[in-house]
């Protein structure tokens, strides 16, 4: 309603301005009266246009107001007529129905077995460390950050950069690997002394505890990939020997039988490993922890029918998301 009134007032003032200029004398007073009436008419047109403009065009308000006023005032007659025509066009223009820019999507299912958002992205870190064109300072900081993650993840990444073109990168990676190995070797030395002292003092409980910890420490060397080649074989054999000592005192420990099976399998003795896994399963070890290893044993022995049967057993377990691709493959074959 106000826009219509502003438009009518503007047309009246503009008509009066031109009538006064055309019918009046050529004096300066007549020109000033024209400019005053014309300016007032342009101001009313600008106010009307501002009210009709879409919000995205009408903000900020003052520059938009000055733009319409300037066009209408600076171009005699044509500017004013263009501004009025624009007002009428915007008023008659039907509002455009904008479609939805964004669509709602369902939230993905949460995998409780995956790490949280603060978890470590191994693939991204491996690619960054291998990028010789990345700044050395940034790569050094990334290497230092590996101190805060599991040795099982960090050790392969550190070994990958031992042949890096940058000497600083190589030295830091070697030092970190050496430090991890020294920590475990120091713990092995202390537990070996405790084992010897327990054997001399005929303390069976202390002896069994030291043997179990030694088995764990030697296995940790292998698990963190801190030893390679013959040293790895030696660590496996030592861990197996101390596991045998522990099993002699605790023959019904399912976790020890599981460790026994993994050591035997790592040493290339799948048949004996399968017997150890079966014993752990008989002692109450959950099927979801044993069956994957039994499937590996069956594969090593060439028993592919057994592998398929074991994979079908795992197919009923919905809590093993990382094994689903393997289970799906063997279920289809």
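Numbering (the working numbering), first residue to last: 7 to 339. Positions of the beta carbon are idealized from the N, C-alpha and C atoms, including for glycine.
Do the CB positions of residue i and residue j come within less than 8 Å of each other?
{"i": "residue 221", "j": "residue 213", "result": "no"}
{"i": "residue 269", "j": "residue 245", "result": "yes"}
{"i": "residue 271", "j": "residue 305", "result": "no"}
{"i": "residue 145", "j": "residue 135", "result": "yes"}
{"i": "residue 351", "j": "residue 201", "result": "No information on residue 351 is available, as it lies outside the stretch 7 to 339 that the chain covers here."}
{"i": "residue 179", "j": "residue 164", "result": "yes"}
{"i": "residue 267", "j": "residue 286", "result": "yes"}
{"i": "residue 71", "j": "residue 46", "result": "no"}
{"i": "residue 260", "j": "residue 290", "result": "yes"}
{"i": "residue 157", "j": "residue 230", "result": "yes"}
{"i": "residue 197", "j": "residue 216", "result": "yes"}
{"i": "residue 55", "j": "residue 89", "result": "yes"}
{"i": "residue 194", "j": "residue 223", "result": "yes"}
{"i": "residue 277", "j": "residue 242", "result": "no"}
{"i": "residue 296", "j": "residue 317", "result": "no"}
{"i": "residue 274", "j": "residue 303", "result": "no"}
{"i": "residue 262", "j": "residue 256", "result": "yes"}
Please state whether DSSP places residue i in a helix, a strand or coil.
{"i": "residue 6", "result": "There is simply no residue 6 to check, as the chain begins at 7 and stops at 339 in what is shown."}
{"i": "residue 332", "result": "helix"}
{"i": "residue 256", "result": "coil"}
{"i": "residue 311", "result": "helix"}
{"i": "residue 274", "result": "coil"}
{"i": "residue 164", "result": "helix"}
{"i": "residue 245", "result": "helix"}
{"i": "residue 66", "result": "coil"}
{"i": "residue 267", "result": "helix"}
{"i": "residue 280", "result": "helix"}
{"i": "residue 338", "result": "helix"}
{"i": "residue 139", "result": "coil"}
{"i": "residue 294", "result": "helix"}
{"i": "residue 81", "result": "coil"}
{"i": "residue 303", "result": "helix"}
{"i": "residue 113", "result": "coil"}
{"i": "residue 152", "result": "helix"}
{"i": "residue 289", "result": "coil"}
{"i": "residue 123", "result": "Residue placement at residue 123 cannot be trusted, given a pLDDT of 44 that sits under 50; what the coordinates show is reported in the next sentence. Looking at residue 123 - three-state DSSP - the assignment turns out to be coil, as it is neither helix nor strand."}
Cα-Cα, which of the options is closest to residue i?
{"i": "residue 219", "options": "237, 265, 238 and 240", "result": "265"}
{"i": "residue 319", "options": "294, 309 and 303", "result": "294"}
{"i": "residue 142", "options": "208, 254, 161 and 173", "result": "173"}
{"i": "residue 44", "options": "54, 66, 224 and 81", "result": "81"}
{"i": "residue 79", "options": "109, 209 and 41", "result": "41"}
{"i": "residue 132", "options": "170, 113, 109 and 112", "result": "170"}
{"i": "residue 183", "options": "75, 193, 166 and 161", "result": "161"}
{"i": "residue 250", "options": "232, 276, 239 and 282", "result": "282"}
{"i": "residue 48", "options": "240, 85 and 68", "result": "85"}
{"i": "residue 186", "options": "159, 284 and 39", "result": "159"}
{"i": "residue 258", "options": "288, 232 and 110", "result": "288"}
What residue ranges within the stretch 166-232 form continuous alpha helix (DSSP H) runs of no fewer than 4 residues, ordered along the chain? 173-206 and 210-229
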